[in-house]
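The letter at position 107 of the sequence shown is residue 111 when you use my numbering, and the numbering goes up by one with no holes.
In what follows, a single structure is set out as structure tokens and then discussed.
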Amino acid sequence: IHIVDGDSSGTAIELSPELTAVEILDYTQTNHINFEASIRFREDAGVVQVETFGISLNAEGTCFYGMQLEAVMNRIKDNISLDHLSRILVDVQQDSSSIVDSVISQYQLDLLE
5 IHIVDGDSSG TAIELSPELT AVEILDYTQT NHINFEASIR FREDAGVVQV ETFGISLNAE
65 GTCFYGMQLE AVMNRIKDNI SLDHLSRILV DVQQDSSSIV DSVISQYQLD LLE
């Protein structure tokens with residue numbers, strides 16, 4: 005679905021409940037932005053995923069991601085296997101790339117190159 009924003013200079017956005025929510029935590033006009041993304045992508049039947057992570061972007065093009073992992077499947081906090089952790093890292097990399105791709109304009113990407 006392609007939607008044209010009739011008020012591109014406004015500050016309001018409407019999202020479907022199964023999409024991602026982004027909350028700006030900190031920024032400077034020309035140097036950096038820190039935001040938190042709550043991922044609400046549809047998952048396979050029986051899969052419950054609560055995924056929120058922080059993203060920090062700066063004017064030089066550096067991008068940092070951070071998240072706290074509380075549980076994976078039946079494993080709680082400190083007992084998460086490397087197999088499960090590697091799957092999660094791939095998922096986070098894909099989801100965070102989708103978020104960054106959607107919040108950075110082509111003009112901003114051109115400036116970073």
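We treat Cβ as the ideally placed atom computed from N, Cα and C, and that holds for glycine.
Closest by C-alpha distance to I37, out of E55, I43, I59, is I59.
Take the alpha-carbon of Q98 and the one of T24: they are about 13 Å apart.
Inclusion of N62 and N35 in the CB contact set at 9 Å is warranted, their separation being smaller than that value.
Taking a contact as a CB-CB distance under 8 Å, the pair H88 and M71 does not count as one, their CB atoms being some 14 Å apart. With a beta-carbon spacing of about 18 Å, I103 and L73 fall beyond the 8 Å limit used to define contacts. Per DSSP, L89 is one residue of the alpha helix (DSSP H) stretching across 86-107. Assignment of N62 by DSSP, reduced to helix, strand and coil, places it in the strand class.
Our two residues, L113 and R44, have alpha carbons roughly 25 Å apart in a direct line. In the same chain as D30, and ignoring 5 residues on each side of it, the C-beta atoms closer than 6 Å to its own belong to N38, in chain order.
According to the DSSP secondary-structure assignment, D114 is paired through a beta bridge with no residue.
R79 and V107 have their alpha carbons spaced roughly 33 Å apart.
In the displayed model, D11 falls within coil according to three-state DSSP, outside both helix and strand.
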